[in-house]
Amino acid sequence: MFDGKSILITGGTGSFGQAFVKTLLERYQPARVIIYSRDELKQFDMQQVFGQSCMRYFLGDVRDGERLAFALRDVDYVVHAAALKQVPAAEYNPMECIRTNVHGAENVTRAAVANEVRRVVALSTDKAANPVNLYGASKLASDKLFVAANNIVGHRPTRFSVVRYGNVLGSRGSVVPFFSKRIAEGATALPITDPQMTRFWITLQQGVEFVLRSFERMQGGEIFVPKIPSVRITDVATAMAPDLPQEVVGIRPGEKLHETMCPRDDSHVTLAFEDHYVIKPTIKFYGGNMDYTTNGLGETGQPVKQGFSYNSGNNSWFLSTDDIRSLNKEAGF
2 MFDGKSILIT GGTGSFGQAF VKTLLERYQP ARVIIYSRDE LKQFDMQQVF
52 GQSCMRYFLG DVRDGERLAF ALRDVDYVVH AAALKQVPAA EYNPMECIRT
102 NVHGAENVTR AAVANEVRRV VALSTDKAAN PVNLYGASKL ASDKLFVAAN
152 NIVGHRPTRF SVVRYGNVLG SRGSVVPFFS KRIAEGATAL PITDPQMTRF
202 WITLQQGVEF VLRSFERMQG GEIFVPKIPS VRITDVATAM APDLPQEVVG
252 IRPGEKLHET MCPRDDSHVT LAFEDHYVIK PTIKFYGGNM DYTTNGLGET
302 GQPVKQGFSY NSGNNSWFLS TDDIRSLNKE AGF
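Count along the sequence shown from 1, add 1, and you get the number used in the working numbering.
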């Protein structure tokens with residue numbers, strides 16, 4: 002569906018953007034792939050890897066609505082990956098987080114509608130479900146903006162959906178590179194926030210594949226959630242350094258013991274498909290109700306039981322230490 006089309010990725014110099022572009026160029030023949038980000042050095046570095054004639058590099062910030070509107074001219078598809086993601090930084094700089102994650106999301110929706118972009122997929126996070134920190138709260142607001150944007154398109158073709166998934170293995174600031182660095186520096190113990198802590202686990206490529214498939218599945222207004230495994234943080238530490246003791250240091254401000262992707266309060270609007278869940282919009286869109294039980298690929302889903310919650314602690318699929326080692330090796334750790 003991307004052959005001959007123009008695709009723009011906000012925050013495209015990040016780890017997701019680079020993996021997405023690599024896959025896009027390997028499988029399709031797009032007319033243009035536009036990297037929209039504010040870091041000129043990262044753009045320069047990325048140009049050394051992806052210098053194909055279809056590539057375009059736009060300096061710009063999602064806070065700048067006018068620049069976004071210019072960049073989205075004649076664009077068919079948008080992946081919105083730009084965000085301020087560090088929990089402590091958001092707590093210390095709340096308005097900066099809100100300007101990028103909330104106001105930036107509004108700017109993307111406005112620019113997409115004005116330019117009649119066909120489809121927009123916004124990347125979310127498990128922290129947006131029942132948020133306990135500002136980063137999660139700002140991404141929940143962003144999710145709501147993208148879902149509600151389907152109500153302002155009128156007769157225009159633009160449709161918006163959201164993809165929500167958990168911790169990406171090896172992403173900047175995550176536990177695997179942190180442990181890897183400590184081990185390389187000769188640490189005598191690995192710090193564990195809480196022995197009961199669990200997290201969802203997904204590789205970067207799995208995230209890319211899920212986003213690509215969501216473009217095909219989407220009708221507009223859905224929050225797509227992949228069915229992925231969980232890990233125990235103690236198992237991650239054991240897999241990486243079986244001979245090192247583990248030191249409990251306590252949960253950091255804004256952290257959860259378990260991460261949630263489908264909250265209990267949304268069980269009445271959650272559908273279970275074979276390899277993913279869909280959280281339906283709670284608002285009615287202009288033009289009548291949509292049937293989300295069958296998606297754009299013809300896959301069918303069923304309502305979950307009332308009170309259902311999908312979190313990393315109650316997940317039936319946990320990775321073993323051998324599984325974790327194998328995935329770490331695949332990710333270069």
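Just so it is clear, CB atoms sit at the ideal spot from N, CA and C, and this is done for glycine as well.
Proximal residues to residue i (C-beta, below 8 Å), its chain only, five neighbours per side dropped
{"i": "R265", "result": "G308, F309, S310"}
{"i": "F286", "result": "N151, N152, G221, G222"}
{"i": "D40", "result": "T14"}
{"i": "T189", "result": "L245, P246"}
{"i": "K330", "result": "none"}
Residue nearest to residue i in terms of C-alpha spacing, selected from the options
{"i": "D46", "options": "R28, G15, D62", "result": "G15"}
{"i": "A88", "options": "H156, K257, I325, V305", "result": "The residue you asked about is not Ala; residue 88 is Val in the sequence shown. Looking at the Cα atoms, K257 is the closest of the given residues."}
{"i": "V305", "options": "K86, I224, Y278, T322", "result": "Y278"}
{"i": "Q53", "options": "A72, G66, P31, G333", "result": "P31"}
{"i": "V249", "options": "M241, F274, L191", "result": "L191"}
{"i": "S181", "options": "N316, G333, E27", "result": "G333"}
{"i": "Y29", "options": "Q44, Y37, I8", "result": "I8"}
Other residues of its chain near residue i: CB distance less than 6 Å, five sequence neighbours each side excluded
{"i": "R68", "result": "G61"}
{"i": "F147", "result": "A123, F161, V163"}
{"i": "R253", "result": "none"}
{"i": "T261", "result": "A130, N131, N312"}
Own chain, CB closer than 7 Å to residue i, minus 5 neighbours either side, in chain order
{"i": "G105", "result": "V63, R64, A83"}
{"i": "F216", "result": "M2, Y78, R120, V122"}
{"i": "M20", "result": "Inspection of the sequence shows that residue 20 is occupied by Ala rather than by Met. The answer, listed in chain order, is L205, Q206, V209."}
{"i": "T235", "result": "I193, P196, Q247"}
Assigned exposure category for residue i - 16 Cβ within 10 Å defines buried
{"i": "G154", "result": "Note that residue 154 corresponds to Val in the displayed sequence, not to Gly. Result: buried."}
{"i": "A113", "result": "buried"}
{"i": "D127", "result": "buried"}
{"i": "K140", "result": "buried"}
{"i": "M96", "result": "exposed"}
{"i": "H81", "result": "buried"}
{"i": "R1", "result": "The structure shown does not extend to residue 1, since the chain is modelled only from 2 through 334, so no value can be given for it."}
Rounded Cβ spacing between residue i and residue j (contact assumed at less than 8 Å)
{"i": "N116", "j": "R74", "result": "6 Å"}
{"i": "P227", "j": "D276", "result": "7 Å"}
{"i": "I224", "j": "I280", "result": "4 Å"}
*At which residue ranges does the region 23-57 contain complete beta strand (DSSP E) runs of 3 or more residues, listed in the order of the chain?*
For the region 23-57, whole beta strand (DSSP E) runs of length 3 or above, ordered along the chain, are 33-38.
_Going residue by residue through the region 238-269, where are the continuous beta strand (DSSP E) segments of at least 3 residues, counting only ones entirely within it?_
Along the region 238-269, the beta strand (DSSP E) occurs as fully enclosed runs of 3 or more residues at 247-249, 261-263, listed in sequence order.
*Quick one: which unbroken alpha helix (DSSP H) runs of 4-plus residues sit fully inside the region 168-193? Chain order, please.*
Whole alpha helix (DSSP H) segments, 4+ residues: 176-185.
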